[in-house]
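Numbering (full-length UniProt numbering), first residue to last: 1 to 231.
Note that beta-carbon positions come from the ideal geometry of N, C-alpha and C, so glycine has one too.
None of the values given here were measured: they were computed from a predicted structure.
Beneath this line is the structure, given in structure tokens, with notes to follow.
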């Protein structure tokens, strides 16, 4: 398709790549945190809940700045990872994944937590009285029942990752072919004389991708819910 330039297609592919890895890495931790907030009572639970949802409240630029302080090459975490493992986040596509994952994490946790809270604890207790371990109860009872919520959380995380802008540009800048995702490409085109038409094409494509992701989420959630109901 020749209605997008090579640079713009690179931005599209990078956006899909960033959103995919952000979703993949967010899912296990998101399920764990959601389960902890829904089922456990422990000191600092409210603080954890606030920390998880802070990216929704703070300006995205602030989140990106904090990521730069912590995961930049001079930051405590980023410096350690680069020295010990050769992993660099700042001004790399891996940093875009981290920024997207952090910004989308509350959506994953919220969707999964609501699903867990909708599960009757008596079902889990009944399995536990039969001698099943907590892990086995979760895998055989809880997990199948919350699959629609997990799917919804994954799709919301993916869609948010596709559209993330503020934290990403602050943390990894806007480098074509390296960190320039669709939102960053649109921003650059809007600042370029005569770039409005190309920006509009990217905007339309992003809308189509987001709508497709939401439609897929609804379809998958219904399919899984129907299977669980029949089980």
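{"Item": "Whose C-beta lies closer than 8 Å to the C-beta of residue 76 among residues of the same chain, with five residues either side of it excluded?", "Value": "70"}
{"Item": "For residue 116, report the span of its alpha helix (DSSP H) as first-last.", "Value": "93-117"}
{"Item": "If we ignore side chains and look at the alpha-carbon of each, how far apart do residue 184 and residue 103 end up?", "Value": "16 Å"}
{"Item": "Give me the Cα-Cα distance between residue 87 and residue 218, rounded to the nearest whole angstrom.", "Value": "37 Å"}
{"Item": "Under 9 Å between the Cβ atoms of residue 147 and residue 224?", "Value": "yes"}
{"Item": "Report the option in 160, 189, 106, 144 whose CA atom is closest to the CA atom of residue 53.", "Value": "106"}
{"Item": "In this structure, does DSSP put residue 60 in helix, strand or coil?", "Value": "helix"}
{"Item": "Check residue 18 in the structure and name its three-state DSSP category.", "Value": "helix"}
{"Item": "Would a C-beta distance cut-off of 9 Å place residue 210 and residue 159 closer than the cut-off?", "Value": "yes"}
{"Item": "Taking the alpha-carbon positions, what's the residue 208 to residue 121 distance?", "Value": "39 Å"}
{"Item": "When we look at the beta-carbon of residue 13 and count the other beta-carbons within 10 Å, is it buried (16 or more) or exposed?", "Value": "exposed"}
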